[in-house]
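**Q**
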Amino acid sequence: MTPALPRKRMVGYADRISVAPGETIRFMASCEGVARYRAALVRILSGDRHPQGTPFAEEVVPSAADGTYAGRLQVVRAGSFAHVDGAPFAGLRSFTLQAMLWPTAPGRGRQVVMGCRDEAAGTGYALVLDAAGAAALEIGGRSISAGVPLLERAWAFVAATYDAATGRARVVYESQAVYPGMALKGEAEAALPPPAPAAAPFTLAAAFAGTEHGRPLGAAFFNGKIDIPRVADTALDRAAMETLRRPAPAPARHLVAAWDFARAMGTDRIEDAGPHRRHGRLVNLPTRAMKGHNWTGETFAWPQAPEQYGAIHFHDDDVYDAGWLPDLSLALPDDLPSGAYALRMTAEDDGEVERIPFFVRPPRGRATAEVAFLAPTASYMAYANERAGIDGGGYLHAFANHLLAYGPEDLWLNAHAEVGLSHYDHHSDGSGVAYSSRLRPILNLRPGVTNCWIGAAGTAPWQYNADLPLLDWARQQGIACDVITDEDLHHEGLALLAPYKAIMTGSHPEYWSKAMYDALQAYLARGGRLMYLGGNGFYWRVAFHPELPGVIELRRTEDGIRDWVAEGGEYYHAFTGEYGGMWSRMGRPIHALAGIGMAAQGFDVSSYYRRTAASHDPAHAWVFEGVAGDIVGDFGTVGGGAAGLEVDRYDPAQGSPPHAVVLASSEMHSDTYFPPPDEVHNMSALLDGRQNPRVRADMVLFPTPNGGAVFSVGSISWIGSLTWNGCANSVSRVTANVLRRFLDPRPLVED
Amino acid sequence: MPAAVETLNLFRRELALEFRRTPIGRHSPDLRLLLNRMRTQQDAAYVLICEEPFRRWRLARKKRGRGQAVEPVGDRVFASPEEAEWEVFRLRWKEMTGEELA
Numbered sequence: 001m002t003p004a005l006p007r008k009r010m011v012g013y014a015d016r017i018s019v020a021p022g023e024t025i026r027f028m029a030s031c032e033g034v035a036r037y038r039a040a041l042v043r044i045l046s047g048d049r050h051p052q053g054t055p056f057a058e059e060v061v062p063s064a065a066d067g068t069y070a071g072r073l074q075v076v077r078a079g080s081f082a083h084v085d086g087a088p089f090a091g092l093r094s095f096t097l098q099a100m101l102w103p104t105a106p107g108r109g110r111q112v113v114m115g116c117r118d119e120a121a122g123t124g125y126a127l128v129l130d131a132a133g134a135a136a137l138e139i140g141g142r143s144i145s146a147g148v149p150l151l152e153r154a155w156a157f158v159a160a161t162y163d164a165a166t167g168r169a170r171v172v173y174e175s176q177a178v179y180p181g182m183a184l185k186g187e188a189e190a191a192l193p194p195p196a197p198a199a200a201p202f203t204l205a206a207a208f209a210g211t212e213h214g215r216p217l218g219a220a221f222f223n224g225k226i227d228i229p230r231v232a233d234t235a236l237d238r239a240a241m242e243t244l245r246r247p248a249p250a251p252a253r254h255l256v257a258a259w260d261f262a263r264a265m266g267t268d269r270i271e272d273a274g275p276h277r278r279h280g281r282l283v284n285l286p287t288r289a290m291k292g293h294n295w296t297g298e299t300f301a302w303p304q305a306p307e308q309y310g311a312i313h314f315h316d317d318d319v320y321d322a323g324w325l326p327d328l329s330l331a332l333p334d335d336l337p338s339g340a341y342a343l344r345m346t347a348e349d350d351g352e353v354e355r356i357p358f359f360v361r362p363p364r365g366r367a368t369a370e371v372a373f374l375a376p377t378a379s380y381m382a383y384a385n386e387r388a389g390i391d392g393g394g395y396l397h398a399f400a401n402h403l404l405a406y407g408p409e410d411l412w413l414n415a416h417a418e419v420g421l422s423h424y425d426h427h428s429d430g431s432g433v434a435y436s437s438r439l440r441p442i443l444n445l446r447p448g449v450t451n452c453w454i455g456a457a458g459t460a461p462w463q464y465n466a467d468l469p470l471l472d473w474a475r476q477q478g479i480a481c482d483v484i485t486d487e488d489l490h491h492e493g494l495a496l497l498a499p500y501k502a503i504m505t506g507s508h509p510e511y512w513s514k515a516m517y518d519a520l521q522a523y524l525a526r527g528g529r530l531m532y533l534g535g536n537g538f539y540w541r542v543a544f545h546p547e548l549p550g551v552i553e554l555r556r557t558e559d560g561i562r563d564w565v566a567e568g569g570e571y572y573h574a575f576t577g578e579y580g581g582m583w584s585r586m587g588r589p590i591h592a593l594a595g596i597g598m599a600a601q602g603f604d605v606s607s608y609y610r611r612t613a614a615s616h617d618p619a620h621a622w623v624f625e626g627v628a629g630d631i632v633g634d635f636g637t638v639g640g641g642a643a644g645l646e647v648d649r650y651d652p653a654q655g656s657p658p659h660a661v662v663l664a665s666s667e668m669h670s671d672t673y674f675p676p677p678d679e680v681h682n683m684s685a686l687l688d689g690r691q692n693p694r695v696r697a698d699m700v701l702f703p704t705p706n707g708g709a710v711f712s713v714g715s716i717s718w719i720g721s722l723t724w725n726g727c728a729n730s731v732s733r734v735t736a737n738v739l740r741r742f743l744d745p746r747p748l749v750e751d
Numbered sequence: 001m002p003a004a005v006e007t008l009n010l011f012r013r014e015l016a017l018e019f020r021r022t023p024i025g026r027h028s029p030d031l032r033l034l035l036n037r038m039r040t041q042q043d044a045a046y047v048l049i050c051e052e053p054f055r056r057w058r059l060a061r062k063k064r065g066r067g068q069a070v071e072p073v074g075d076r077v078f079a080s081p082e083e084a085e086w087e088v089f090r091l092r093w094k095e096m097t098g099e100e101l102a
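Chains as they are written, first to last, in the working numbering: chain A, 1 to 751; chain B, 1 to 102.
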């Protein structure tokens with residue numbers, strides 16, 4: 001008999017990722033077939049499952065959360081759309097609906113473009129793409145179709161009219177692209193009975209499917225861009241439709257609504273430039289600041305020509321806030337020490353456990369330790385529910401050079417794509433995922449969960465779990481360490497870092513907002529000290545939403561390792577109007593900040609460092625005090641070495657400071673290690689790690705002004721070696737030597 | 001097989017022996033070609049189900065793409081990633097050549 005697959009029946013999320021003592025955090029959970037669960041606040045001491053790491057450990061903290069709770073099923077409702085409440089849409093007798101469309105999945109089921117349509121009752125009217133991908137008008141249970149499917153990813157004009165006086169319905173399609181010999185237009189006209197008023201708001205990119213907890217639900221989602229949607233209260237002829245196509249139509253007698261998606265760009269609102277000012281709301285954050293049908297190709301920055309960026313790209317798998325009902329609200333104890341915590345849910349029937357993680361920061365406005373771990377929560381969000389290993393098939397086996405292995409979290413994700421995607425994934429229509437939120441269950445942000453494709457048989461931790469050993473190590477070393485997060489840094493800036501003598505990064509602090517980056521640079525310039533204990537850090541620029549909590553935006557532009565590629569002309573964040581992409585292309589080379597920058601990645605086996613001659617100079621030899629020999633880190637829980645997965649190299653040509661000293665370099669990487677595209681300007685058979693001396697991690701140390709300093713290891717797997725052999729190892733020793741020196745206020749060099 | 005893929009016979013005993021010695025990590029160029037071919041030229045890829053972290057795995061197959069079912073294969077249990085890699089190597093060798101590897 002085939003054994004049953006491991007199951008996961010409970011998932012949840014919190015409304016916050018960083019909470020100060022005394023503040024309140026809410027937890028939302030879904031239980032499938034779990035009648036009751038016990039809850040407890042736990043401090044995560046070790047999230048490691050590796051046989052040579054610190055055994056998994058957590059400590060129960062008595063709190064008001066203690067107790068048993070009723071489980072209930074809650075569902076993520078994916079798919080983005082807009083809704084506009086209020087008259088006169090439901091009562092329109094005669095009408096025109098028109099828009100420019102750039103469909104990305106025509107023919108993949110019926111998709112509603114706009115209308116006033118109650119999906120369950122089948123009442124009202126809507127302009128749709130029918131199952132064949134042709135423009136159609138639906139009134140009640142009847143419809144007429146223009147008959148000619150729209151081309152995928154080509155702008156097209158579509159319109160539907162109804163004249164209540166004559167009972168005539170008409171639908172029109174005209175492609176903006178012209179291909180001689182192809183009939184890219186269609187039209188149909190027929191008599192239809194008038195629409196019965198629908199108990200529905202006006203919606204765009206979906207039909208209305210009722211409400212849940214007061215939130216509107218969509219159905220029959222449209223995939224693609226919608227631009228210049230218009231509504232009129234009469235059946236316009238073709239010439240009159242044309243007058244409404246301008247981005248800002250003149251006030252026309254019959255105009256009812258003219259939404260201008262170029263307005264209120266950085267918000268979840270849409271604005272109506274028509275006479276009724278029927279502004280609407282977006283659900284699940286479709287992608288904004290998209291090139292419109294009228295983009296000229298001469299402007300690349302939407303803030304300079306918003307009228308050319310009036311399109312919104314809707315996806316049937318967009319998710320922002322799952323919006324679940326809270327299971328419990330917990331006011332944290334006033335004296336709770338800073339650290340990694342979780343709400344632990346234990347099913348009463350079979351003991352299944354779910355942990356919803358968060359960090360406790362020190363009380364606002366003060367530090368409770370001399371050193372802080374900056375939890376890279378923006379990077380955790382970028383990787384939230386990453387699906388490469390789940391969806392990648394045999395390609396991933398070849399890419400990773402080992403088998404993938406699915407645990408209950410991966411199998412849950414495989415069955416629940418509706419939970420939403422990461423910045424590494426594509427939407428169902430093939431477009432890139434530009435927004436990622438933490439207001440939904442994040443299955444790979446769980447203590448004790450390894451990545452399904454990184455490390456042999458999915459045994460390597462990634463991001464959150466790869467960082468937890470640093471806190472475990474500090475605790476075992478007796479080093480008090482606060483935890484602060486990217487979100488705290490983004491909102492509070494330099495003031496958050498200023499009290500600390502040293503800041504330690506996580507294993508892969510890859511995604512940085514401008515406010516975060518500014519704060520770190522200012523901290524270093526004023527004498528702060530940074531221990532960059534990871535690889536491929538400070539790489540991508542992201543934008544936090546200025547109003548909505550818990551969501552970031554990324555544009556994968558220009559270069560770098562890009563699991564999807566932003567379209568030309570769509571390089572500016574909608575949230576902020578800032579240029580997106582790689583920090584190194586924006587006058588802030590990673591090498592200048594950290595001394596090193598991204599050199600290579602590979603995901604099979606890790607390697608080790610060899611000390612350089614310079615490291616024996618008495619000026620730096622203290623870094624290696626207590627370390628025997630020249631080899632550092634030839635062991636570890638991540639690929640078996642301290643130098644691996646993603647590694648960074650010293651390169652003065654890219655901005656590495658000339659006074660930085662390279663203390664050690666890794667060697668002997670495997671043939672799955674390759675430089676990133678930004679390091680490769682022509683192809684060659686000499687690129688891989690067995691032949692390419694540029695594939696290496698360099699460990700560097702350099703002073704910054706006013707007594708500051710930077711120590712960088714340039715390897716994701718470094719932290720995975722810290723607790724090996726009960727912390728009695730060279731990686732632990734080097735890290736401790738540097739940290740203790742960094743806590744000593746004497747400058748590294750005299751100014 | 002696409003014309004662009006070279007036709008050198010990669011199903012050579014010495015490559016199987018090399019893989020058996022080192023299932024995970026650095027491989028010779030010809031073994032790399034063979035592995036890439038075995039791993040990518042299949043409709044449903046072999047994957048593992050982890051039943052107990054770092055201790056216990058089973059075999060399954062899954063097609064590329066969203067929402068494809070994970071289909072368990074057989075009832076064999078593996079105690080290490082290396083054991084599982086060798087088993088998948090043998091299965092793919094058999095599927096692609098008809099030949100059993102001892």
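Note that CB positions come from ideal geometry on N, CA and C, so glycine has one too.
Being a predicted model, the structure only gives us computed values, none of them experimental.
Any idea what DSSP makes of Pro195(A), helix, strand or coil?
**A** coil
**Q** Let me confirm a value: Gly124(A) is counted as buried when at least 16 other C-beta atoms fall within 10 Å, else exposed. Which label applies?
**A** buried
**Q** Give the single residue among Gly109(A), Ser379(A), Arg117(A) and Arg26(A) whose Cα lies nearest to the Cα of Ala199(A).
**A** Ranking the options by Cα distance to Ala199(A), first place goes to Arg117(A).
**Q** Chain A beta carbons: is any one of them nearer than 8 Å to that of Trp57(B)?
**A** yes
**Q** What span of residues does the alpha helix (DSSP H) with Leu411(A) cover, start to end?
**A** Boundaries of the alpha helix (DSSP H) around Leu411(A): Pro408 to Ala415.
**Q** With 8 Å as the threshold, decide whether the Cβ of Leu468(A) is near any Cβ in chain B.
**A** With respect to chain B, the C-beta atom of Leu468(A) has no partner C-beta closer than 8 Å.
**Q** So is Gly393(A) in contact with chain B if we call contact Cβ pairs under 8 Å?
**A** yes
**Q** Of all the CB atoms in chain A, is at least one closer than 8 Å to the CB of Asn9(B)?
**A** no
**Q** Mapping the DSSP letters down to three states, classify His313(A) as helix, strand or coil.
**A** strand
**Q** Check the Cβ-Cβ distances between Phe19(B) and every residue of chain A, and say whether any is below 8 Å.
**A** no
**Q** For Pro618(A) and Leu593(A), what's the separation of their Cα atoms in angstroms?
**A** Answer to the nearest angstrom: the Cα atoms are 25 Å apart.
**Q** Phe674(A): which of Ala600(A), Val172(A) and Asp237(A) sits nearest, CA to CA?
**A** Ala600(A)
**Q** Which residue wins for smallest C-alpha separation from Pro6(A), given the options Asp410(A), Val61(A) and Pro194(A)?
**A** Asp410(A)
**Q** In the DSSP assignment, find the unbroken beta strand (DSSP E) run with Trp259(A) in it and report its ends.
**A** From DSSP, the beta strand (DSSP E) with Trp259(A) extends over Leu255 to Asp260.
**Q** Since Asn725(A) meets chain B, which of its residues come closer than 8 Å, beta carbon to beta carbon?
**A** In chain order: nothing, as chain B lies at least about 17 Å away.
**Q** Which chain B residues sit within Cβ distance under 7 Å of Gln456(A)?
**A** According to the sequence as given, residue 456(A) is Ala; it is not Gln. Per Cβ cutoff of 7 Å: Ile24 and Pro81.
**Q** Three or more beta-carbon pairs under 8 Å between the region 695 to 706 of chain A and the region 458 to 466 of chain A, yes or no?
**A** no
**Q** Excluding the five sequence neighbours on either side, which residues of its own chain have a C-beta within less than 7 Å of the C-beta of Thr97(B), listed in chain order?
**A** Phe11
**Q** My output table needs one value for Asp318(A): the three-state DSSP class, helix, strand or coil.
**A** Look at Asp318(A) here: in three-state DSSP terms it is coil, with no helix or strand label.
**Q** Looking only at its own chain, which residues have a Cβ that is under 8 Å from the Cβ of Tyr46(B), when we skip the five neighbours before and after it?
**A** Leu59, Ala60, Arg61, Val73, Val88, Leu91 and Arg92
**Q** Spell out a yes or no on whether the region 446 to 460 of chain A and the region 326 to 339 of chain A are touching, meaning 3 or more CB-CB pairs, one atom from each, closer than 8 Å.
**A** no
**Q** My output table needs one value for Glu271(A): the three-state DSSP class, helix, strand or coil.
**A** In the structure shown, Glu271(A) sits in a strand (DSSP, three-state: E or B).
**Q** State yes or no: is the beta carbon of Ala45(B) nearer than 8 Å to at least one beta carbon in chain A?
**A** True, the Cβ-Cβ gap to chain A drops below 8 Å.
**Q** Between the C-alpha atoms of Glu354(A) and Met10(A), what's the straight-line distance to the nearest angstrom?
**A** One C-alpha to the other measures close to 6 Å.
**Q** Under 8 Å, with one C-beta from each stretch per pair, do the region 411 to 431 of chain A and the region 382 to 397 of chain A reach the 3-pair mark?
**A** yes
**Q** Does the CB of Asn284(A) have a neighbour CB from chain B at under 8 Å?
**A** no
**Q** Could you tell me whether the region 151 to 170 of chain A touches the region 232 to 242 of chain A, using the rule of 3 or more Cβ pairs below 8 Å?
**A** Touching, yes.
**Q** On the DSSP bridge assignment, give the partners of Gln98(A) in chain order.
**A** Ala159(A) and Arg230(A)
**Q** What in chain A is Cβ-close to Gly65(B), meaning under 8 Å?
**A** Asp391 and Gly393
**Q** For Val61(A) versus Val42(A), is the C-beta distance shorter than 8 Å?
**A** A Cβ-Cβ contact shorter than 8 Å links Val61(A) with Val42(A).
**Q** For the region 598 to 611 of chain A, which residues have a beta carbon sitting closer than 8 Å to at least one beta carbon of chain B?
**A** Asp604 and Val605
**Q** Compute the beta-carbon to beta-carbon distance between Leu645(A) and Gly639(A), rounded to the nearest angstrom, for a pair I have assumed lies under 8 Å.
**A** Between Gly639(A) and Leu645(A) the Cβ distance is about 7 Å, and since that is below 8 Å, they are a contact.
**Q** For Gln691(A) and Ala642(A), I'd like the C-alpha separation in whole angstroms.
**A** 20 Å
**Q** Could you pull the DSSP bridge partners for Cys50(B) from this structure?
**A** Trp57(B)
**Q** How is the beta strand (DSSP E) around Tyr608(A) delimited, first residue to last?
**A** Tyr608 to Arg611
**Q** From the beta carbon of Ala131(A), is the nearest beta carbon of chain B less than 8 Å away?
**A** The beta carbon of Ala131(A) sits no closer than 8 Å to any beta carbon of chain B.
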